[in-house]
Amino acid sequence: MVVKVYGPVRAACPQGVLACLLEKDVEFEIVHVDLDSGEQKKPHFLLRQPFGQVPAIEDGDLKLFESRAIIRYYAAKYEDRGPKLLGKSLEERAVVDQWVEVEAHNFNDLFYTLVLQLVILPRMGQPGDLALARSCEQKLEKVFDIYEQRLSNSTYLAGDSFTLADLTHLPAIRYLMTDAGGLAHLVTQRKHVNAWWQAISTRSAWKKLMNLANY
Amino acid sequence: MVVKVYGPVYGSPKRVLVCLIEKEVEFETVPIDLLKGEHKDPDYLKLQPFGTVPVTEDGDYILYESRAIIRYYAEKYKSQGADLLGKTIEERGQVENWLEVEAHSYNPPIHTLTVQILLFSKLGFTSDQNLIKESEEKLSKVLDVYEERLSKSKYLAGDFFSLADLSHLPFTHYLVGPMGKEDMIRSRKHVSAWWDDISSRPSWQKVFQLYPPVF
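So the sequence lines, in the order shown, correspond to chains A and B. Under the working numbering, the first residue of the first sequence is numbered 1, with each subsequent residue one higher. Under the working numbering, the first residue of the second sequence is numbered 1001, with each subsequent residue one higher.
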């Protein structure tokens, strides 16, 4: 049975799920959800994801939402194949969870606000709040400083192998490096962050996703 | 060697304390005074570079982010105390789903309310009434989704108490207690029953007694 992933292939959170499924070589089908027309807020979608967000998955009888829950589920279910996305021990897994939480709470909100103000609102013809964007950028600089320190002691965020902790950063950093112009320096000016980005973004699973998304 | 939990009087560390008591794990606590800025001391930042509480120190093994810590101890001590992660990988998937909901949809508005209403008055700052109103509206919408969910499911992840429910305890206590917004819970029949159930668990009662909240 093929996993159905609901969400656009170009949206950040669905990309986290797709990257995980590709790493674990799990077959999936993408069911497009049209965010521009607000499909995610329509009654039929709210039955699937009551907060009106993407992604959601359907795998036989199993239905889940929240990308970081979905990737943890599949990483555990297919622990025995592909890369050890949850580490090799319970203690390693907790460090993976720690950095996924860091991404969720210290990184994601700043990134999201920046993109909303600098890219999405202008695209919709509305002025972005530049002062807010600048403040987010400054905070992100501090977060990246911590990452730089961490990655100077550790090849990947949770240790010496690629895990969910690194994977959850891929969609947002891809965005920073390409669409959200002028912010690539956050990565490129930091030696270890830059090397880490090079390593994780050249993985074949990620490259497959980039092809699927037609970038 | 007994695990040490930093910052026991605050909200997020209380998730860890409840979890450890549910799992019958001994612990010690280390006070951190946020109002004195102790979380920004260089020694603390060595443990938690983002300068937030909690941190746990288990011999040499250090973890931060409360939801990473509770996942670790719930799994490590799976066979003792309440099983907070469900019995199967699929049940755990549901726990992860609703724990992520708490982290991304429930916590942000309730945390803002805690800061604006409780912390600011303690510090003598002026609250942002618009932000309070906005946060209340967001939280109301989330509680509406919970009401629907809990009308079909005794607990958030299924018919068992889990980390997903536990995670709500500290800040919901602030809401119904010192913030005086109990009506947000009581006006929703199933949310109200769920709150009574989870907040009367001996583990929460004990945490409440041992470490009275700062607000």
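Quick reminder that beta carbons are idealized off the backbone N, C-alpha and C, glycines included.
Reduced DSSP secondary structure (H/G/I, E/B, other) of residue i
i	result
Tyr112(A)	helix
Glu92(A)	helix
Gly233(A)	Shown here, chain A extends from 1 to 215; a query on residue 233(A) therefore has no answer.
Asp1058(B)	strand
Tyr1211(B)	coil
Gly1011(B)	helix
Phe107(A)	helix
Thr163(A)	coil
Tyr6(A)	strand
Lys227(A)	No information on residue 227(A) is available, as it lies outside the stretch 1 to 215 that chain A covers here.
Glu1028(B)	strand
Tyr1064(B)	strand
Tyr74(A)	helix
Tyr215(A)	coil
Tyr967(B)	In the structure displayed, chain B extends from 1001 to 1215; residue 967(B) sits before or after that span and is not available.
Spatial neighbours of residue i in its chain, beta-carbon cut-off 8 Å, leaving aside the 5 residues before and after
i	result
Gln1116(B)	Ser1127, Asp1128, Leu1131, Ile1132, Ser1135
Val143(A)	Asn106, Phe107, Leu110
Ala12(A)	Pro171, Ala172, Tyr175
Val95(A)	Gly87, Ala158, Gly159, Ala165
Gly205(A)	One detail in the question is off: residue 205(A) reads as Ala in this sequence, not Gly. Contacts found: Ala19, Leu22, Glu23.
Any non-hydrogen atom of the ligand MN closer than 6 Å to residue i Cβ
i	result
Gln138(A)	Judged by which ligands are present, the structure shown has none, so any question about the ligand MN falls away.
Segment limits, beta strand (DSSP E) that includes residue i
i	result
Ala56(A)	56–59
Ile30(A)	28–31
Lys1004(B)	1003–1006
N- and C-terminal bounds of the alpha helix (DSSP H) containing residue i
i	result
Leu1156(B)	Premise fails: Leu1156(B) is in no alpha helix (DSSP H) and is neither H nor E.
Thr1112(B)	1107–1113
Leu130(A)	130–151
Phe45(A)	43–46
Tyr1044(B)	1042–1047
Chain A within 7 Å of residue i, Cβ atoms only
i	result
Ala1157(B)	no
Phe1027(B)	no
Val1055(B)	no
Pro1049(B)	yes
Tyr1072(B)	yes
Arg1067(B)	yes
Val1145(B)	yes
Ile1117(B)	no
Chain-order list of residues whose beta-carbon lies under 7 Å from that of residue i (same chain, five-residue window excluded)
i	result
Asp145(A)	none
Arg1188(B)	Leu1143, Glu1147
Ala213(A)	Val9, Arg10
Leu1045(B)	Gly1051
Cβ shell of residue i (< 6 Å), same chain only, five flanking positions each side left out
i	result
Ser201(A)	none
Gln1094(B)	Ala1157, Gly1158
Val1009(B)	Tyr1211, Val1214
Below-7 Å beta-carbon distance, residue i vs any chain B residue
i	result
Ser68(A)	Note on identity: in this sequence residue 68(A) is Arg, with Ser being the wrong assignment. True, the Cβ-Cβ gap to chain B drops below 7 Å.
Phe45(A)	no
Pro14(A)	no
Phe111(A)	no
Glu231(A)	Summary: the structure shown does not reach residue 231(A), with chain A confined to residues 1 through 215, and so no result is reported for it.
Phe51(A)	yes
Gln138(A)	no
Notebook entry, point to check: Are the stretch 1077–1093 of chain B and the stretch 1026–1038 of chain B touching, with three or more C-beta to C-beta distances below 8 Å?
Noted result: no
Next item on the list: Could you tell me whether the stretch 1033–1041 of chain B touches the stretch 1068–1078 of chain B, where touching means 3 or more Cβ pairs closer than 8 Å?
Entry: no
Note to self: Contact between the stretch 176–190 of chain A and the stretch 154–164 of chain A is defined here as three or more beta-carbon pairs at a separation below 8 Å; is this criterion met?
What the structure shows: no
Check: Contact between the stretch 1101–1115 of chain B and the stretch 1191–1199 of chain B: three or more CB pairs below 8 Å?
Finding: no
Check: Should the stretch 63–76 of chain A be called in touch with the stretch 1052–1064 of chain B, which here means at least 3 C-beta pairs below 8 Å?
Finding: no
Next item on the list: For the stretch 98–105 of chain A and the stretch 1060–1073 of chain B, state whether three or more C-beta atom pairs, one from each stretch, are separated by less than 8 Å.
Entry: yes
Note to self: Tell me whether the stretch 23–31 of chain A and the stretch 42–53 of chain A touch, counting them as touching only if at least three CB pairs, one residue from each stretch, are closer than 8 Å.
What the structure shows: no
Checklist line | Any 3 or more C-beta pairs closer than 8 Å across the stretch 59–73 of chain A and the stretch 1098–1110 of chain B | finding: yes
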